[in-house]
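Chains as they are written, first to last, in my numbering: chain W, 1187 to 1313; chain D, 1187 to 1313.
For each residue, glycine too, the CB sits at the ideal point set by N, CA and C.
Have a look at the structure below before the remarks.
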DNA sequence: ATCGCGCTACTACAAATGTAGTATGCGTAA
DNA sequence: TTACGCATACTACATTTGTAGTAGCGCGAT
């Protein structure tokens, strides 16, 4: 079940995001998908993808012409969990975090209600 | 109002946490407050505090004997905001984040209610 | 007055990260 | 079937981050 603790840098995480979104992509695809003022060089992206491959975060799927395709080998959720846990650790728990979201206007009371509703629905049906 | 974009590393953030908690502290205090298996050397902590000072994140307050005291020069909230914003950017918003918290059992429906109540109370009184 | 010890200031260095160049090979259009 | 161009594999290097050593000064006990 792959309990290896894969750690991603900021840029690596950004690349993973692209892959999670596209499902499968070439280095060129990733480069194109990265939205920046000054886009990174092709080989820069290539290096990141290679490092991700070495870490076991992505894997090659197929080849088209001489271009390799990559796909995520770890789930978005597993990465999120790690990041969220770190943040929770810092701010001191979920409640403070949510409170912060509301205080800073990132989350409204209505949003809270909405989430509640969603969660309840899921609970009833799924699990 | 100091719009400089101060960026903190993980360790720097940890040190800031201690300072926010203690309000004011010497390097030795910070070292003692850091909870790890293998605690960092005194001079390691000292280096971090110095870097924080250069970044304008902490400032010297006074001297006792030959030991300097430091205090935070930036707010906890400003740092949290930055980190939270990054995470929100990644996961795609507050609602998904909160949903994730609930899904992974980090936040219960009761917690949600509690936050709601707190927020409402604050709204009524404070702002 | 002086000596020791702790604290500071400065320096050093390895690992991680961001960034990119070069060499070379393979596929495809002509 | 050959040359061109894009992709890969490998290498390189600057910056950031984590980690710590050393020199030397000043405070406080004697």
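Using 8 Å as the threshold, is the C-beta distance between residue 1288 (chain D) and residue 1305 (chain W) below it?
yes
Less than 8 Å between C-beta atoms, sequence neighbours within five positions excluded: which residues of the same chain meet that for residue 1243 (chain D)?
1192, 1194, 1198, 1202, 1258, 1259, 1260
Does any C-beta atom of chain D lie closer than 8 Å to the C-beta of residue 1257 (chain W)?
no
Check whether the Cβ of residue 1249 (chain D) lies closer than 8 Å to any Cβ atom in chain W.
no
Quick one: what does DSSP say residue 1268 (chain D) is sitting in, helix, strand or coil?
helix
Using the beta-carbon of each residue, which ones in chain D are nearer than 7 Å to residue 1281 (chain W)?
1297, 1300, 1301
Assess contact between the segment 1270 to 1283 of chain W and the segment 1269 to 1282 of chain D, defined as three or more Cβ pairs (one per stretch) separated by less than 8 Å. Is contact present?
yes
Identify every run of the alpha helix (DSSP H) within the segment 1228 to 1293 of chain W, keeping only runs that are complete inside it and at least 4 residues long; order them along the chain.
1228 to 1241, 1262 to 1277, 1280 to 1289
Tell me, to the nearest whole angstrom, how far the beta carbon of residue 1232 (chain D) is from that of residue 1213 (chain D); I am working on the premise that it is less than 8 Å.
5 Å
Use the C-beta contact count for residue 1295 (chain D): other C-beta atoms within 10 angstroms, 16 or more gives buried, fewer gives exposed.
exposed
On the DSSP bridge assignment, give the partners of residue 1211 (chain W) in chain order.
W:1256
Let me know if residue 1280 (chain W) comes out buried or exposed under the rule of 16 or more other beta-carbons within 10 Å of its beta-carbon.
buried
Using the three-state DSSP reduction, which class does residue 1304 (chain D) fall into: helix, strand or coil?
helix
Residue closest to residue 1248 (chain W), alpha-carbon to alpha-carbon, out of W:1209, W:1221, W:1286, W:1240:
W:1209
Do residue 1284 (chain W) and residue 1301 (chain D) have their C-beta atoms within less than 8 Å of each other?
yes
For residue 1245 (chain D) and residue 1238 (chain D), what's the separation of their Cα atoms in angstroms?
8 Å
Tell me, please, whether the CB atom of residue 1312 (chain W) is closer than 8 Å to any CB atom in chain D?
no
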